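Each residue of the sequence shown is one higher than the last, beginning at 1149 in our numbering.
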Amino acid sequence: MKGQILSGFLAPHPPHLVYGENPPQNRVKSTGGWESLRWAYEKARESIKKNKPDVILVHSPHWMTIVGHHFACVPELKGRSVDPIFPHLFQYDFKMKIDTDLAKLCCEEAKAEGLTAKLMQNPNFRVDYGTIVSLHMLNPDWDIPVLPISANNSPYAFSLDAGQEQMIKLGQATKRAIERRGVKAVLAASNTLSHLHFSEEPNPPEDMSREHVQSDAQYKWDMRVIELLRNGKIEELKKIYPQFIQEAFAEVKSGALMWMLSALDFKPIKADFYGYGTVIGTGNAVMEWKNSAGGAL
Ligand SMILES: [Fe+2]
């Protein structure tokens, strides 16, 4: 049976969301916070529970690789992941099953696209917090195999254009690998939108009276981008993408969103908007692109 992508998610990864939720895996406890974003993720969780994918693939900017695109290829990874910037918020004991067959096919197809690609086979690999937060927020039961994909550093080390071109090829390679593997897959683009943030933390960190957008200009950029995505205007998004990234310091520069949209063939799907919220001033949206929605050109 030919595999298929059921849907793609914009799945931002501030560790504050896990910290605010207080799952048993996180050793640090809070009194809550960032509810509007966490409740947005509940809608994504419902959708995943309903559609029962065989695998969730996640592209995270915090697994950055300098040479090529890497695919986790160890049957099970477990350990404790600590956020290097927010170690007081995120000390998470993770355990995940990896679809290694899909990893191998992704690697093969990426090479066929002319990309440098590699399987990550270190059994003691410590998974980054971006991958873990997005996956936890989408499926806290961890009962679906996953496939973490690294973010090649080319958008930063080389150029934005060359980097995004790589992500487009990676998306196409991912799609073909899913089809060959014969699985129902969900894609998670682990990206914040605007990314300028505060430099001082309140005490306690979850004091929501101190949470707000970092700047009005940044907020307006986020709303403009979300509005395009809600209306399936992908071609228009591509046109403003470089300016958005530059002016809002957007984390989508690292490639996850472009990878996901490419895997969905840049179809003009009207994304379902589940919620928006700031975390230390950065803009975060939880959205879903249902592949079956198709989108008319
Ligand atoms: Fe990040």
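For every residue, glycine included, the Cβ atom is placed at its ideal position computed from N, Cα and C.
All values reported here derive from a predicted model rather than from experimental measurement.
Rounded to whole angstroms, the separation of the alpha carbons of Leu1344 and Met1268 is 31 Å. Around the C-beta of His1236, fewer than 16 other C-beta atoms lie within 10 Å, and the residue is accordingly described as exposed. Secondary-structure assignment with DSSP links Met1268 through a beta bridge to Ala1220. The criterion of a C-beta distance shorter than 7 Å is satisfied by Asn1439 and Ile1153. With 7 Å as the limit between CB and the heavy atoms of ligand 1, the residues that fall short of it are His1161, Pro1209, His1210, Gly1278, Thr1340, Glu1399.
Looking from the CA of Asp1309, the closest CA among His1161, Ile1233, Met1406, Leu1165 belongs to Met1406. Taken through DSSP and simplified to helix, strand or coil, Pro1296 comes out as strand. With contacts defined as CB atoms closer than 7 Å, Gly1156 and Arg1329 fail to qualify as a contacting pair.
Non-local C-beta neighbours of Lys1418 in its own chain, meaning closer than 7 Å and more than five positions away in sequence, comprise Arg1378, Asn1379, Gly1380, Ala1441, Gly1443, ordered along the chain. When DSSP states are grouped into helix, strand and coil, Glu1436 belongs to the strand group.
DSSP places His1284 outside any beta strand (DSSP E); the residue lies instead in the alpha helix (DSSP H), whose first and last residues are 1277-1286. Annotation for Lys1243: the continuous beta strand (DSSP E) segment containing it runs 1239-1245. Annotated as distal: Leu1250 and Leu1335, with beta-carbon spacing of 7 Å or more. When the alpha-carbon of Gln1362 is set against those of Glu1327, Gly1425, Lys1191, the nearest one is in Gly1425.
If you look at Gln1152, you'll find it in the beta strand (DSSP E) that goes 1152-1158. Between the beta-carbon of Met1435 and that of Asp1420 there is about 6 Å, and that keeps the pair under the 8 Å contact cut.
Runs of the beta strand (DSSP E) lying entirely within the segment 1326-1390 and spanning at least 3 residues, in chain order: 1332-1337.
Separation of the CB atoms of Lys1266 and His1218 is rounded to 5 Å, and the pair is thereby assigned contact status at 8 Å.
With respect to Arg1193, Leu1165 sits apart: the two C-beta atoms are not nearer than 7 Å. Per DSSP, the beta bridge partners of Tyr1424 are Ala1433. Under the three-pair Cβ rule at 8 Å, the segment 1306-1326 does not count as touching the segment 1282-1294.
In summary, Asp1355 is exposed, with fewer than 16 beta-carbon neighbours lying within 10 Å of its beta-carbon over all protein chains present. Residue range 1404-1411 is occupied by the alpha helix (DSSP H) that includes Ser1410.
Taking all protein chains in view, the Cβ of Lys1197 is surrounded by fewer than 16 other Cβ atoms within 10 Å, so the residue is classified as exposed. With distances taken between CA atoms, Cys1221 lies nearest to Met1244 out of Met1212, Val1176, Met1244. Closest in C-alpha terms to Asn1174, from the list Lys1252, Phe1242, His1207, comes Phe1242. Taking 7 Å as the cut-off, the Cβ atoms of Glu1261 and Lys1191 do not count as close. A check of alpha carbon separations from Asn1270 across His1360, Ile1246, Lys1332, Gly1403 identifies Ile1246 as the nearest. For Pro1209, the enclosing beta strand (DSSP E) has its first and last residue at 1203-1213. A distance of 7 Å or more separates the beta carbons of Pro1163 and Phe1273.
Counting along the chain, Asp1249 sits inside the alpha helix (DSSP H) bounded by residues 1248-1260.
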